[in-house]
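In our numbering, the protein residues as written are 4 to 376.
Even glycine gets a Cβ: it sits at the ideal position worked out from N, Cα and C.
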Amino acid sequence: MKRVKKTAILAVFCMILVMQLSSQTINQKLITGIPSEYGQVDAYSIKYNAVTGGWVYSAYDTTTTKTTIITAKGTSKPFNYAMTYNALFDAEGNSYIVGSENITDTVYRYSVLKNNEVIAEYDFVLDGWTIRDNILYYAGSEGGKTFMVMYDTRTGQLTKGKAYDEIRLAYTPDGYSEGEPIGYVGFTKSGSVYYIARENETSFLVIGDTEQKHYSDITWYDLKFNQNDVPCYIARSQGKFYEERGNTFVVLGDREYKSFDWVYGPLSFDNSGNPIYVGQDSAGEYIYHSTLMHGETVVDKTTGSIYNYGYNDAGKFYYITSEESRTGSGDYVYSATLVTGGKKSKKYSSINYPVFNKKGDVLFSASDKSNKY
């Protein structure tokens, strides 16, 4: 049966709203029409760059079950999946997208596209790529190894970095969330790219082309750089995280701090760049001693947990302790205290979300032993 070409067009507009006291003016600019010849258009796939006028979207053909990537500068070959959700644009309005094809039910091939043209293919391409100073940075995998790739958006030169067993993109601007944070290609203040690599059962930070000290494991999502551009992260000298306890410590540059059974983030810093964190040791079955550390200095200890630590706008250090004990009947009882500038609040069953004004006054939520807030 001959396929009938449809001519229906969906207009996409960029709206600029200018608010006035007595009226509202809406200026509309047509970006592109969307012909239906390539299939159903996913409205959420549309990406537009207002600075350059570049745009991209995908269309799904229900007959071939393939997806086509449509850009301002051309249309791609069909793919099984188009990752337009993280499309990037360079200074000239060119779009960069990843498309994937199913080789078998379990084997896929990933293509990096500049507009509609494939510039490289891999077994896998990690999320979290970025463009900086006209260079597209991303991590690709081939033959069981992963490596950084630098693509010059102006000259088309493709440069591949050293290959490792694994690479984790360790810049996490969104912080903690449900599950693991999303990692992106990161850069130091001096402009060097950084990431966590794993090779021969060791983990290590790579800055530029330089490998830092190798450890048995590193929590990549806790990596931060202090205000002096010195890297800080949680590492182990033996074993892996989540498999066994012990041999866990904070690393700041070349300095290793006190070892605990566990160390928890988020890592924070004082005005001099010294790390602030919580270490925890087991003291028996389901009994844990938590220690709030300021560099090598112990700030506080408790049987339970310590959390929500930092400096308020008045310059006072604050944190919450939650002590855990058991009654004669075996029930757990919790006692939480907010400590600000060394002064302790009244005890509650729980304390959460302390908010300070510029004077240092605090507002927080708390519950009593009857679970009333």
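- In this structure Met153 touches Ile138 by the C-beta definition: roughly 5 Å separates them, less than 8 Å.
- One Cα belongs to Phe228, the other to Arg239, and the distance between them is close to 19 Å.
- The continuous stretches of beta strand (DSSP E) do not include Ser79, and DSSP gives it neither H nor E.
- Between Lys117 and Tyr99, the CB-CB gap stays under 8 Å.
- Your pair Val188 and Gly211 does not check out as a contact, with CB atoms roughly 13 Å apart and the cut at 8 Å.
- Every beta strand (DSSP E) of 3 residues or more that sits fully in the segment 164 to 232 is shown, in chain order, as 169 to 171, 196 to 202, 205 to 210.
- Counting only runs of 4+ residues, no alpha helix (DSSP H) is found wholly inside the segment 34 to 121.
- Taking each of Glu183, Ile279, Gly147 in turn and checking the Cα distance to Asp126, the smallest one comes out for Gly147.
- Here Asn355 carries a strand assignment [DSSP, helix/strand/coil].
- Under the criterion of beta carbons closer than 8 Å, Asp264 and Gly249 qualify as touching, at roughly 5 Å.
- With contact defined as three or more Cβ pairs closer than 8 Å, the segment 92 to 112 and the segment 160 to 177 are not in contact.
- Per DSSP, Arg157 lies in no beta strand (DSSP E) segment and is marked neither H nor E.
- An exposed status is given to Ile106, since fewer than 16 other beta-carbon atoms sit within 10 Å of its beta-carbon.
- Ser338: member of the beta strand (DSSP E) spanning 335 to 343, first to last residue.
- A check of alpha carbon separations from Ala62 across Ala75, Lys50, Gly77, Ser39 identifies Ser39 as the nearest.
- In the three-state DSSP reduction, Arg248 falls in the coil class, being neither helix nor strand.
- Looking at Ala142, Thr87, Gly96, Asp93, the one whose alpha-carbon comes closest to that of Gly102 is Thr87.
- If you draw a straight line from the Cα of Leu366 to the Cα of Tyr351, it comes to about 14 Å.
- If you ignore the 5 residues before and after Val266, its C-beta comes within less than 8 Å of the C-beta of Ile237, Thr251, Phe252, Val253, Tyr280, Val281, Gly282, Gln283, all in its own chain and listed in chain order.
- The residues Tyr351, Ser352, in chain order, have a CB closer than 7 Å to that of Asp371 in the same chain once the five nearest residues on each side in sequence are set aside.
- The shortest CA-to-CA distance from Ser308 to any of Gln241, Thr213, Ile221, Ser293 is the one to Ser293.
- Exposure of Thr162 is indicated by the presence of fewer than 16 other C-beta atoms within 10 angstroms of its C-beta.
- As computed with DSSP, Trp265 is found in a beta bridge with Gln283.
- A residue is called buried when at least 16 other Cβ atoms come within 10 angstroms of its Cβ; Gly186 meets this threshold and is buried.
- Nearest to Glu145 by C-alpha distance, out of Ser325, Asp155, Glu124, Arg135, is Glu124.
- Distance from the Cα of Lys349 is smallest, within the candidate group Gly36, Leu270, Gln215, Ser325, for Ser325.
- Our two residues, Ile34 and Phe92, have alpha carbons roughly 16 Å apart in a direct line.
- In its chain, beyond the 5 residues on either side, Ser61, Thr70, Ile72, Gly102 have a beta carbon closer than 6 Å to the beta carbon of Ala85.
- DSSP places Tyr260 in the coil class of the three-state scheme, outside both helix and strand.
- Just so you know, the alpha carbons of Asp303 and Tyr312 end up roughly 12 Å apart.
- Take Asn355, set aside five residues on each side of it, and the residues of its chain with a beta-carbon closer than 6 Å to its own are Ser368, in chain order.
- In the structure shown, Glu327 falls within a strand segment according to DSSP collapsed to helix, strand and coil.
- Rounded to whole angstroms, the Cβ separation of Gly36 and Gly96 is 18 Å, and the two are not in contact under 8 Å.
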